[in-house]
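Protein chains in written order, with our numbering: chain R, 30 to 432; chain X, 30 to 432.
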């Protein structure tokens, strides 16, 4: 039972502290030579000790067999049905670079690319520098469109965020990124159900891309852009209001900052390393009562397929863990948003290990923090969207339902 | 999959016997000194032996993190979605004291209270005796209202049930119980969506309470009443009809008798002790095929925060268990409706341990009946509303779905 309004109706006014520490892509698969996963391989005495004092389980971001993107996986961790509250890629890009989105705004994710003889030869334009990206965005900002304003802002390397602002824009239009080299950039088309507004919007986007193509014609290697994930800001009731939370996010990557902002969190400034993130957490301790701490590199190294490097990332987090524990949050959760096994070099459907530390849990027989140990944990295997109610309950922030 | 009409469509005509034994508030939390829960502390050889011959699991009354009241928790045990089939407190009070409710009737829960200088000084009027309560109810029954009849009937100590009977009454009106001392009794107000009917009903209730105040002015300590949980009888398809059951309830507390009646069970007369309840069960054995046996005191002692007394309650039930087993029901379930850890002195969100004894289950490696052992049981962690289908299946009362 996790309709947000139902849960919201039970909230009390406690001011206890909760920390959700997400190691992105934490879950893995056993290495063929050792039979141990990244987490099982890591020397992580602090995580193991915490698991012994916690109650453990496994969580599905969406459901068995479903591999989630980071957006829906985090929405689930924040208590939202990730399928119902879907957030478009464009929105995450725009919010991630600090743009605000109004109800009329249409956002998209942009890749600079290289086109030769009309066909895409490099979808990332040789991973141009962020500075080069910024110069090109500045150059494109001279484009004029009929009745529509736009902003294009660099993200990182070849990635940028694009927002169109004008009345009657529709997000029911198709991507222009063919997601493969050797093909021409696509024309944006209205999607079924989009009606006249989608037709007008697709035509406007195509006109814009024609102008981009002209302006970038002399550039190399980034002589074109492709766009995807056209989306408007969804109507999401903020978790801060729903559950009467002051929530702070310690996240260094744009996308996670974007999701955090979308659900009402404030961003806590932090240096890029994990010890710096933990110090930022400690520094903001009095200001918030729900903290989301996001560590990115377990996922990055999993995506690289670098088993040993992912193990080292887990050990890096383990070293800084005692500082988080020393803050004595009433509720401390360590988990992943999804699995990123180095063996698969990408996100996977496998549930994420989870430990919940609280004086009000029963405990279990889990003696180390690992996927397989957590499968036998006292919390069982459950849905990520049920984590927030569990955290709120342990923080004694929920009233009883019914007499 | 538990839509009642779906389940109902699969029912066969078998006449096997099922017993659901509910130890109210059974689940607990580990005692800080021993690390053992109430159930783990209790010397309960019969429950342990039964668990070894059963298949075990944990059940969520509503969902992870959600603390249920006894009403919704029992609705779930009887196979109903407890959020969809919500039963108002007033209805449980009225049915619990044996009143029948028609579609026009509006029921409320009443507390006699003490008011000093306009403010409530004692929400329970010093827990007046049930006899004093009956005398005051009799005195109030002389009140006359325009176009509306009413009945007020003593429950126990300071508690009473109140039913208004008349056309066009609305249950969308607010409580008059402020739930705290130091405040004046509230005026009932129409709730959003209640319209003119709610306005008229609230005005009638306030007129009634003014008259109560006048009549009780000279009484002490019970010189006023507060009301809450205004509700009409919900439209609940009885489980007896849905699943072709003859169902008998051996429950001594008014509220549980009320829920049982609401879903179509007949009440079995019984003395107040658990051995007497078990004898009542045995005496009614031929008359019914589904038995709900409710033991209250595990919850009461948990609410008191009396760990040792709750342990003793579990041991009391354990002693009488062999007599239930000797009746050889095809399906015997022992569980709780929700947890009531002595450490929390109240209901909690923790799932309830459950054992299901049936010759058609697979069994598991659970060697004692406890929360943590059941977490590793063969039934896993599931929702209480899925228990009834599981009982019906084991009683071989359900057909195959589909070809």
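In this text, a Cβ means the ideal position worked out from N, Cα and C, and glycines have one as well.
Exercise. Is the Cβ of residue 118(X) closer than 7 Å to any Cβ of chain R?
Worked result: Counting from one through the second chain, the residue named residue 118(X) turns up at place 89. Answer yes: the Cβ-Cβ gap between residue 118(X) and chain R drops below 7 Å somewhere.
Problem set entry | Neighbouring residues, chain X, relative to residue 411(R) (Cβ below 9 Å) | The residue labelled residue 411(R) in the question sits at position 382 within the first chain. What residue 411(R) touches in chain X: 93, 410.
For this session: Please state whether DSSP places residue 430(R) in a helix, a strand or coil.
Result: Translated into positions along the first chain, residue 430(R) becomes position 401. Residue state, collapsed to three classes: strand.
Problem set entry | Closer than 7 Å at the beta carbon, the chain A residues around residue 269(X) | Considering every chain present, this structure includes no chain A. Its protein chains are R and X.
Exercise. Are the C-beta atoms of residue 221(X) and some chain R residue less than 7 Å apart?
Worked result: Stepping through the second chain from its first residue, residue 221(X) is reached at position 192. Chain R, which has no Cβ nearer than 7 Å to the Cβ of residue 221(X), makes this no.
Exercise. Does any CB atom of chain X fall closer than 7 Å to the CB of residue 44(R)?
Worked result: Counting from 1 along the first chain, the entry for residue 44(R) is found at position 15. No, residue 44(R) does not count as interfacial toward chain X.
Exercise. Any idea if residue 138(X) is buried or exposed, counting beta-carbon neighbours within 10 angstroms, 16 or more meaning buried?
Worked result: Against the second chain, residue 138(X) aligns to sequence position 109. Counting Cβ neighbours within 10 Å, residue 138(X) comes out buried, since at least 16 surround it.
Exercise. For residue 42(R), which of 372(R), 161(R), 275(R) has the nearest alpha-carbon?
Worked result: As a working note, residue 42(R) is residue 13 in the first chain. Minimum Cα distance to residue 42(R) is reached at 275(R).
Exercise. Hey, out of 50(R), 200(R), 384(R), whose CA is closest to residue 117(R)'s CA?
Worked result: The count along the first chain starts at 1 and reaches residue 117(R) at position 88. Minimum Cα-Cα distance from residue 117(R) among the listed residues 50(R), 200(R), 384(R) corresponds to 200(R).
Exercise. Who are the neighbours of residue 379(X) on chain R, taking C-beta pairs under 7 Å?
Worked result: Residue 379(X) sits at position 350 when you count from the first residue of the second chain. Per Cβ cutoff of 7 Å: 391.
For this session: Go to residue 182(R), then tell me how far its alpha helix (DSSP H) extends in each direction, as first and last residue.
Result: Within the first chain, residue 182(R) is the residue found at index 153, counting from 1. Element bounds for residue 182(R): not the alpha helix (DSSP H) but the beta strand (DSSP E), 178 to 183.
For this session: Classify residue 399(R) as helix, strand or coil using the three-state DSSP reduction.
Result: Numbered from 1 along the first chain, position 370 holds the residue referred to as residue 399(R). Three-state result, residue 399(R): coil.
Exercise. Going along chain R in order, which residues have a C-beta closer than 7 Å to the C-beta of residue 400(X)?
Worked result: Within the second chain, numbered from 1, the residue matching residue 400(X) stands at position 371. Neighbours of residue 400(X) on chain R, chain order: 391.
Exercise. Using the beta-carbon of each residue, which ones in chain R are nearer than 8 Å to residue 101(X)?
Worked result: As a position in the second chain, residue 101(X) is number 72, starting the count at 1. Under the 8 Å cutoff, chain R gives 430, 431.
For this session: With 7 Å as the limit, tell me which residues of the segment 49 to 64 of chain X have their beta carbon closer than that to any beta carbon of chain R; keep them in chain order.
Result: Residues of the segment 49 to 64 of chain X with a C-beta less than 7 Å from any C-beta of chain R: 58, 59, listed in chain order.
Exercise. Buried or exposed: where does residue 95(R) fall if 16 or more other Cβ atoms within 10 Å of its Cβ makes it buried?
Worked result: Against the first chain, residue 95(R) aligns to sequence position 66. Exposed: under 16 other Cβ atoms inside 10 Å.
Exercise. What residues of chain R sit near residue 376(X), judged by a beta carbon separation below 8 Å?
Worked result: Here residue 376(X) is taken as the residue at index 347 of the second chain, counted from 1. Chain R residues near residue 376(X): 429.
For this session: Ignore the nearest five residues each way along the sequence and tell me which others in residue 30(X)'s own chain have a CB closer than 7 Å to its CB.
Result: Numbered from 1 along the second chain, position 1 holds the residue referred to as residue 30(X). Bear in mind that a pLDDT of 45 at residue 30(X), under 50, signals an unreliable position, so the model cannot answer this.
Exercise. Looking at the C-beta of residue 418(R), does it have a partner C-beta in chain X at a distance below 7 Å?
Worked result: As a working note, residue 418(R) is residue 389 in the first chain. At least one chain X Cβ lies under 7 Å of residue 418(R).
Exercise. How long is the line joining the alpha carbons of residue 205(R) and residue 61(R), rounded to whole angstroms?
Worked result: As a working note, residue 205(R) is residue 176 in the first chain. As a working note, residue 61(R) is residue 32 in the first chain. So the two alpha carbons sit approximately 40 Å from each other.
For this session: Consider the Cβ of residue 98(X): report whether some Cβ of chain R lies at a distance smaller than 7 Å.
Result: Position 69 of the second chain, counted from the start, is the residue given in the question as residue 98(X). Taking Cβ atoms only, chain R reaches closer than 7 Å to residue 98(X), which makes this a yes.
Exercise. In whole angstroms, what separates the C-alpha of residue 44(X) from that of residue 408(X)?
Worked result: The sequence position of residue 44(X) within the second chain is 15, counting from 1. The sequence position of residue 408(X) within the second chain is 379, counting from 1. Here the alpha carbons of residue 408(X) and residue 44(X) stand approximately 25 Å from one another.
Problem set entry | chain R contacts from the segment 258 to 292 of chain X (Cβ-Cβ distance under 7 Å) | 258
Problem set entry | Cβ separation of residue 368(R) and residue 54(R), assumed to be a contact under 8 Å, to the nearest whole Å | The count along the first chain starts at 1 and reaches residue 368(R) at position 339. The count along the first chain starts at 1 and reaches residue 54(R) at position 25. That pair is a contact at about 6 Å.
For this session: Assess, as a yes-or-no matter, whether the segment 408 to 418 of chain R is touched by the segment 357 to 376 of chain X under the definition of 3 or more beta carbon pairs within less than 8 Å.
Result: no
Problem set entry | Proximity of residue 379(X) and residue 429(R) at Cβ, strictly below 7 Å | The residue given as residue 379(X) occupies position 350 in the second chain. The residue given as residue 429(R) occupies position 400 in the first chain. Against a cut-off of 7 Å, the Cβ pair of residue 429(R) and residue 379(X) comes out as no contact.
For this session: Please confirm if residue 404(X) has its CB atom under 7 Å from at least one CB of chain R.
Result: Stepping through the second chain from its first residue, residue 404(X) is reached at position 375. True, the Cβ-Cβ gap to chain R drops below 7 Å.
Exercise. List, in order along the chain, the chain R residues whose C-beta lies closer than 8 Å to that of residue 66(X)?
Worked result: Position 37 of the second chain, counted from the start, is the residue given in the question as residue 66(X). Residues of chain R passing the Cβ test: 391.
Problem set entry | Close-in-space but distant-in-sequence residues of the same chain around residue 474(X) (CB under 6 Å, 5 per side omitted) | The question about residue 474(X) has no answer, for chain X in this structure spans 30 to 432.
For this session: Return the chain-ordered list of same chain residues with a C-beta closer than 8 Å to the C-beta of residue 431(X), the five sequence neighbours on each side being excluded.
Result: For the purposes of this step, residue 431(X) is taken as residue 402 along the second chain, with counting starting at 1. Closer than 8 Å at Cβ, skipping near neighbours: no residue.
Exercise. Can you find a heavy atom of the ligand ATP that lies under 6 Å from the Cβ of residue 231(R)?
Worked result: Among the ligands in the structure shown, none appear at all, so the ligand ATP cannot be discussed.
Problem set entry | residue 149(R) - partner residues in DSSP beta bridges | Here residue 149(R) refers to the residue found at position 120 of the first chain. According to DSSP, which records beta bridges pairwise, residue 149(R) is partnered with 144(R).
Problem set entry | Start-end ranges of the beta strand (DSSP E) lying completely within the segment 241 to 322 of chain X, minimum 3 residues | 253 to 260, 276 to 280
For this session: Measure the CB-CB distance between residue 51(R) and residue 323(R) and report whether it falls below 7 Å.
Result: In the first chain, residue 51(R) corresponds to position 22, counting from 1. In the first chain, residue 323(R) corresponds to position 294, counting from 1. The answer is yes: Cβ separation under 7 Å.
For this session: Please report the residue range of the beta strand (DSSP E) in which residue 412(R) lies.
Result: For the purposes of this step, residue 412(R) is taken as residue 383 along the first chain, with counting starting at 1. 409 to 412 is the extent of the beta strand (DSSP E) around residue 412(R).
Exercise. What are the residues of the segment 317 to 336 of chain R that lie near chain X, defined by any Cβ-Cβ distance shorter than 7 Å?
Worked result: Of all residues in the segment 317 to 336 of chain R, none comes within less than 7 Å of chain X when Cβ atoms are compared.
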